[in-house]
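Shown next, in structure tokens, is the structure this report addresses.
Number of protein chains: 2
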Amino acid sequence: MAKDKKLVEEITSMDVDFAQWYTDVVKKAELMVYSSVKGCMIFKPAGYALWENIQHELDRRFKETGVENVYLPMFIPESLLQREKDHVEGFAPEVAWVTQGGLNDLQERLCVRPTSETLFCDFYKDEIHSYRDLPKVYNQWCSVVRWEKETRPFLRSREFLWQEGHTAHATAEEAEERTQQMLNLYADFCEEVLAMPVIRGRKTDKEKFAGAEATYTIEALMHDGKALQSGTSHNFGDGFAKAFGIQYTDKDNKLKYVHQTSWGMTTRLIGALIMVHGDDSGLVLPPAIAPVQVDVIPIMQHKEGVLDKANELTARLKAAGLRVKIDDTDKTPGWKFSEQEMRGIPVRVEMGPRDIEANQAVVVRRDNGEKITVSLDTIDNDIKDILAKMQVEMLERARAHREEHTYDAHNYDEFKSIVNSKPGFIRGMWCGDQACEDKIKEDTTATSRCMPFDQEPIGDTCVCCGKPAHKLVYWGKAY
Amino acid sequence: MAKDKKLVEEITSMDVDFAQWYTDVVKKAELMVYSSVKGCMIFKPAGYALWENIQHELDRRFKETGVENVYLPMFIPESLLQREKDHVEGFAPEVAWVTQGGLNDLQERLCVRPTSETLFCDFYKDEIHSYRDLPKVYNQWCSVVRWEKETRPFLRSREFLWQEGHTAHATAEEAEERTQQMLNLYADFCEEVLAMPVIRGRKTDKEKFAGAEATYTIEALMHDGKALQSGTSHNFGDGFAKAFGIQYTDKDNKLKYVHQTSWGMTTRLIGALIMVHGDDSGLVLPPAIAPVQVDVIPIMQHKEGVLDKANELTARLKAAGLRVKIDDTDKTPGWKFSEQEMRGIPVRVEMGPRDIEANQAVVVRRDNGEKITVSLDTIDNDIKDILAKMQVEMLERARAHREEHTYDAHNYDEFKSIVNSKPGFIRGMWCGDQACEDKIKEDTTATSRCMPFDQEPIGDTCVCCGKPAHKLVYWGKAY
Numbered sequence: 061m062a063k064d065k066k067l068v069e070e071i072t073s074m075d076v077d078f079a080q081w082y083t084d085v086v087k088k089a090e091l092m093v094y095s096s097v098k099g100c101m102i103f104k105p106a107g108y109a110l111w112e113n114i115q116h117e118l119d120r121r122f123k124e125t126g127v128e129n130v131y132l133p134m135f136i137p138e139s140l141l142q143r144e145k146d147h148v149e150g151f152a153p154e155v156a157w158v159t160q161g162g163l164n165d166l167q168e169r170l171c172v173r174p175t176s177e178t179l180f181c182d183f184y185k186d187e188i189h190s191y192r193d194l195p196k197v198y199n200q201w202c203s204v205v206r207w208e209k210e211t212r213p214f215l216r217s218r219e220f221l222w223q224e225g226h227t228a229h230a231t232a233e234e235a236e237e238r239t240q241q242m243l244n245l246y247a248d249f250c251e252e253v254l255a256m257p258v259i260r261g262r263k264t265d266k267e268k269f270a271g272a273e274a275t276y277t278i279e280a281l282m283h284d285g286k287a288l289q290s291g292t293s294h295n296f297g298d299g300f301a302k303a304f305g306i307q308y309t310d311k312d313n314k315l316k317y318v319h320q321t322s323w324g325m326t327t328r329l330i331g332a333l334i335m336v337h338g339d340d341s342g343l344v345l346p347p348a349i350a351p352v353q354v355d356v357i358p359i360m361q362h363k364e365g366v367l368d369k370a371n372e373l374t375a376r377l378k379a380a381g382l383r384v385k386i387d388d389t390d391k392t393p394g395w396k397f398s399e400q401e402m403r404g405i406p407v408r409v410e411m412g413p414r415d416i417e418a419n420q421a422v423v424v425r426r427d428n429g430e431k432i433t434v435s436l437d438t439i440d441n442d443i444k445d446i447l448a449k450m451q452v453e454m455l456e457r458a459r460a461h462r463e464e465h466t467y468d469a470h471n472y473d474e475f476k477s478i479v480n481s482k483p484g485f486i487r488g489m490w491c492g493d494q495a496c497e498d499k500i501k502e503d504t505t506a507t508s509r510c511m512p513f514d515q516e517p518i519g520d521t522c523v524c525c526g527k528p529a530h531k532l533v534y535w536g537k538a539y
Numbered sequence: 061m062a063k064d065k066k067l068v069e070e071i072t073s074m075d076v077d078f079a080q081w082y083t084d085v086v087k088k089a090e091l092m093v094y095s096s097v098k099g100c101m102i103f104k105p106a107g108y109a110l111w112e113n114i115q116h117e118l119d120r121r122f123k124e125t126g127v128e129n130v131y132l133p134m135f136i137p138e139s140l141l142q143r144e145k146d147h148v149e150g151f152a153p154e155v156a157w158v159t160q161g162g163l164n165d166l167q168e169r170l171c172v173r174p175t176s177e178t179l180f181c182d183f184y185k186d187e188i189h190s191y192r193d194l195p196k197v198y199n200q201w202c203s204v205v206r207w208e209k210e211t212r213p214f215l216r217s218r219e220f221l222w223q224e225g226h227t228a229h230a231t232a233e234e235a236e237e238r239t240q241q242m243l244n245l246y247a248d249f250c251e252e253v254l255a256m257p258v259i260r261g262r263k264t265d266k267e268k269f270a271g272a273e274a275t276y277t278i279e280a281l282m283h284d285g286k287a288l289q290s291g292t293s294h295n296f297g298d299g300f301a302k303a304f305g306i307q308y309t310d311k312d313n314k315l316k317y318v319h320q321t322s323w324g325m326t327t328r329l330i331g332a333l334i335m336v337h338g339d340d341s342g343l344v345l346p347p348a349i350a351p352v353q354v355d356v357i358p359i360m361q362h363k364e365g366v367l368d369k370a371n372e373l374t375a376r377l378k379a380a381g382l383r384v385k386i387d388d389t390d391k392t393p394g395w396k397f398s399e400q401e402m403r404g405i406p407v408r409v410e411m412g413p414r415d416i417e418a419n420q421a422v423v424v425r426r427d428n429g430e431k432i433t434v435s436l437d438t439i440d441n442d443i444k445d446i447l448a449k450m451q452v453e454m455l456e457r458a459r460a461h462r463e464e465h466t467y468d469a470h471n472y473d474e475f476k477s478i479v480n481s482k483p484g485f486i487r488g489m490w491c492g493d494q495a496c497e498d499k500i501k502e503d504t505t506a507t508s509r510c511m512p513f514d515q516e517p518i519g520d521t522c523v524c525c526g527k528p529a530h531k532l533v534y535w536g537k538a539y
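Chains as they are written, first to last, in the numbering used here: chain A, 61 to 539; chain B, 61 to 539.
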């Protein structure tokens with residue numbers, strides 16, 4: 061293997077410099093390039109195909125729960141953005157403003173949407189009149205803009221792609237149910253499709269979304285021990301409804317405010333995939349999300365019959381419903397192996413003259429390098445089994461990594477010691493006072509990631525101030 | 061039927077006021093509403109679902125021809141837009157400008173993309189080095205902004221959704237081939253899926269895209285006799301390549317410029333669907349594109365067993381691969397019929413106690429009102445046959461309408477008489493002088509729609525100036 065490695069340009073080892081490893085991988089796996097627009101990136105085919113697969117699977121799951129897709133304008137008039145006080149304070153400092161249209165100055169500035177709560181509210185106030193018009197469970201797939209100063213591919217850029225669901229309900233209970241339903245949908249998607257385990261929990265008031273009553277989050281642990289917020293779901297109560305006047309006549313003939321939610325997932329999931337599963341040879345993609353699942357690589361392809369047999373196998377695997385490509389370029393097999401590894405294609409199939417003679421091929425798993433000799437009689441089903449097993453084992457491996465990097469801290473000395481020496485999640489009790497969150501962040505740069513739904517207290521005093529505490533919190537440094 | 065009509069709010073008759081009919085239909089069929097952002101519209105679920113189906117089918121056809129999807133930023137720095145002279149002149153007057161990001165003024169204005177040729181060129185110049193890097197056949201699905209003064213739902217709005225393909229090739233021949241291939245793909249899609257016949261042809265120099273050597277177009281005729289440009293494909297030659305310096309080393313080791321194309325289709329196709337197939341009862345959707353193909357409407361649903369049987373039928377039709385909904389609300393059947401008609405659902409199935417007793421149901425076609433009694437034993441296949449027949453007949457009907465509204469003009473008097481009295485396409489020979497196009501447009505508001513690929517001369521003198529002419533042109537008033 062060492063010999064083959066030299067065939068592709070080297071990437072920095074993740075243990076030497078994780079940030080540089082990440083940058084190398086996104087470029088060498090051809091996921092993206094920077095554009096000449098500062099802070100904005102270009103999704104290349106291999107990167108965009110990941111997003112298409114994420115979209116496809118999420119959208120299918122959304123629709124099963126009754127979500128309908130819509131599309132709202134990308135511009136928000138300044139006066140509309142300002143309607144809800146907390147919301148505008150949260151977003152106004154980081155939006156891009158359109159001030160000229162055609163050859164004229166606009167009478168009112170328009171911001172390019174950083175998120176669309178205000179537009180959906182403005183839309184719903186005219187659409188919702190009676191309890192018969194509820195619930196509204198709408199979603200849109202679009203790009204949004206936030207004028208960030210520091211950017212990183214997929215993780216933080218001035219423009220990114222996402223979906224944003226916005227719902228309106230007759231009752232507070234129904235809104236809360238939808239908020240949690242979507243968070244659980246996100247979590248299941250991450251675990252089942254991205255093979256990425258997540259902690260499900262609630263954000264503290266300090267960390268919640270601008271304008272929300274409650275924000276729920278899923279938090280994943282990257283390979284370097286830093287946390288990544290991977291999806292959020294917000295319950296707005298009737299705050300936006302009151303700010304925008306979204307009322308309906310209920311069955312009892314009384315005028316009531318609706319209760320609203322919103323929830324979103326973004327292209328940063330691609331960054332998560334890279335940082336949870338990748339290794340020093342490049343990307344490692346879970347089979348369920350990989351644009352190409354099988355790379356057929358003929359060995360000694362100049363020998364008579366090899367290419368024919370490889371093409372035949374490719375066609376057969378495609379017909380079996382697998383996503384397959386054949387690499388019949390004139391590169392050496394070693395080079396092809398390294399490219400397949402760099403791109404994270406879950407398995408490669410090596411097949412040369414001797415394999416063909418023996419009616420077999422060698423399947424090599426990307427995640428653990430295991431080589432499995434399979435009969436050509438059963439190879440289609442064998443590969444499906446190998447991919448299914450790999451999908452399960454990738455989730456288990458990521459979960460084991462997270463468990464190994466989750467630490468309990470019972471007092472502030474312990475906390476600081478862990479935060480300085482052991483990258484990962486730190487579980488610690490919290491008194492509920494924002495001053496402790498602020499202090500922890502200032503002292504250590506770690507933030508409260510969430511209060512997990514699964515609350516098993518590990519003590520009864522705050523990890524920061526030592527006062528009585530009832531809430532278990534996951535803390536960590538985060539992207 | 062007249063009785064039922066009153067149950068839904070009335071729409072203006074298309075013969076009385078076609079523009080008002082159109083506005084009524086897009087609103088009453090709940091395809092869109094205006095937003096509080098001037099010139100921008102909201103796609104409601106029924107409207108967006110049409111776009112999703114168009115996307116799905118076009119994207120599938122694209123990928124069969126080797127297209128790969130990417131995503132480029134929505135912002136274009138002013139200096140980049142200005143790189144190709146004709147292009148900037150065409151677009152600069154109608155773009156929106158971002159001048160502030162966060163709390164600061166930007167050093168350089170960014171326009172919100174009206175189209176992305178310049179960004180793709182800037183991208184390609186760094187991606188393409190060798191003949192091995194060619195061709196590049198990329199596409200993106202996104203929204204674009206053009207600061208129009210007059211807007212109409214789906215047909216013209218400040219922001220619209222589209223796809224834009226951008227390709228780079230080693231030779232002029234290959235670029236020309238791709239330009240025509242995509243135009244034919246568009247035309248086949250319109251005819252096979254939207255049941256909308258189109259004229260395939262080339263734009264005159266006056267009407268071609270800003271910066272293109274040649275623009276090919278498909279032109280459809282709406283019910284009111286006005287033309288709608290429904291898709292375009294442009295061959296840029298090496299003009300952009302020279303402006304942006306996109307060169308590759310060929311097999312002969314010489315440095316050469318690439319040849320480029322771009323091609324796009326937009327959400328105005330939804331407007332086309334409405335205006336080609338709609339009638340005074342509302343939308344009429346071709347089965348191949350309809351989000352819901354079958355509306356099951358139980359009759360006397362309070363009678364025992366009716367709802368059960370209707371639900372059973374719905375499940376069975378879904379299992380057969382049809383897109384089905386059941387209307388089990390407490391509205392009257394007549395009201396439900398009118399709603400199904402307004403929304404253009406291709407067929408409804410009426411089933412009441414007597415039908416059930418006779419082991420049958422009544423299938424009613426939306427396009428011609430035909431009522432077909434079918435046995436419950438074979439109803440799934442029967443409905444598939446009915447939908448397939450309807451799809452074919454809708455195309456035939458639209459083609460017959462176009463033929464009836466296509467006129468030949470041999471001189472300017474004939475031309476003016478037709479243009480004033482007979483809405484439709486006018487076929488007329490053209491000398492090739494732009495002065496004649498300008499005169500015709502000024503005198504009549506008709507424009508040259510295209511020089512059809514199928515060139516059968518109908519004379520040898522220009523329909524405007526009477527000088528020798530060799531080119532057949534389709535003329536018409538257009539949206």
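Glycine is no exception: its CB is placed at the ideal position from the N, C-alpha and C atoms.
Note on Pro-528 (chain B): under 16 other CB atoms within 10 angstroms of its CB, so exposed under the neighbour-count rule.
Uninterrupted alpha helix (DSSP H) stretches at least 4 residues long and entirely within the region 69-150 of chain A occur at 78-88, 105-124 and 138-141, given in chain order. When C-alpha distances from Arg-425 (chain B) are compared across B:Ala-469, B:Asn-419, B:Gly-394 and B:Pro-346, the shortest belongs to B:Pro-346. Counting of Cβ neighbours within 10 angstroms places Gln-353 (chain A) among the buried residues, the total reaching 16 or more.
Sequence-distant partners of Glu-168 (chain B) (beyond 5 residues in either direction) whose C-beta falls short of 8 Å from its own C-beta, in its chain, are Pro-137, Glu-138 and Ser-139. The contact set of Ser-96 (chain B) on chain A, defined by CB atoms closer than 7 Å, consists of Pro-137, Leu-140 and Asp-182 in chain order.
Counting only residues of its own chain and dropping the five nearest sequence neighbours on each side, Leu-179 (chain A) has a CB closer than 8 Å to the CB of Leu-132, Pro-133, Ile-136, Leu-140 and Arg-173. In this structure, Pro-105 (chain A) sits near Glu-128 (chain B), with a CB-CB distance shorter than 7 Å. Contacts with chain A at 7 Å (Cβ-Cβ) include Lys-104 (chain B). The Cβ atoms of Val-253 (chain A) and Ile-405 (chain A) do not sit closer than 7 Å to each other.
Beta-carbon to beta-carbon, Ile-432 (chain A) and Leu-377 (chain A) are separated by about 15 Å, too far to satisfy the 8 Å threshold.
As for any beta strand (DSSP E) of minimum length 3 sitting wholly inside the region 372-428 of chain A, the runs are 384-386, 407-411 and 420-425, ordered along the chain.
Interface annotation, Glu-128 (chain A): in contact with chain B, CB-CB separation under 7 Å. Apart from the 5 residues on each side of it in sequence, Trp-201 (chain B) sits with its Cβ closer than 6 Å to the Cβ of Gln-223 in its chain, given in chain order.
Within chain A, the residues whose beta carbon sits less than 7 Å from that of Ser-203 (chain B) are Met-134, listed in sequence order. Of the candidates B:Lys-449, B:Leu-532 and B:Asp-415, the residue whose Cα lies closest to the Cα of Glu-430 (chain B) is B:Lys-449.
Selection B:Ala-303, B:Gly-338, B:Leu-194 and B:Ile-478 evaluated against Met-256 (chain B) yields B:Gly-338 as nearest (Cα-Cα). The residue among B:Ser-477, B:Ile-478 and B:Tyr-534 with its C-alpha nearest the C-alpha of Glu-497 (chain B) is B:Tyr-534.
For Glu-279 (chain A), the pairing in a beta bridge is given by DSSP as A:Ile-259 and A:Gln-289. Around the beta-carbon of Met-411 (chain B), 16 or more other beta-carbon atoms lie within 10 Å, marking it buried. Taking 7 Å as the CB threshold, Cys-171 (chain A) stays off the interface with chain B.
Beta-bridge annotation (DSSP): Asp-468 (chain A) is paired with A:Arg-487. At a cut-off of 7 Å between beta carbons, Cys-510 (chain B) makes no contact with chain A. Between Arg-206 (chain B) and Glu-267 (chain B), the C-beta spacing is not below 7 Å.
The region 363-376 of chain B makes no contact with the region 305-324 of chain B, as fewer than three CB pairs between them are under 8 Å. Here DSSP, grouped into helix, strand and coil, assigns Phe-513 (chain B) to coil. With contacts defined as CB atoms closer than 7 Å, Met-511 (chain B) and Gly-291 (chain B) fail to qualify as a contacting pair.
Residue contact check for Val-384 (chain B) against chain A: no CB pair falls below 7 Å. In the three-state reduction of the DSSP assignment, Met-360 (chain B) falls in the coil class, being assigned neither a helical nor a strand state. Contact note: Glu-112 (chain A) reaches chain B through Asn-129, using a C-beta cutoff of 7 Å and chain order.
No Cβ of chain A is located within less than 7 Å of the beta carbon of Glu-401 (chain B). Using a Cβ-Cβ cut-off of 7 Å, Thr-321 (chain B) does not count as an interface residue toward chain A, since no Cβ of chain A sits closer than that to its own.
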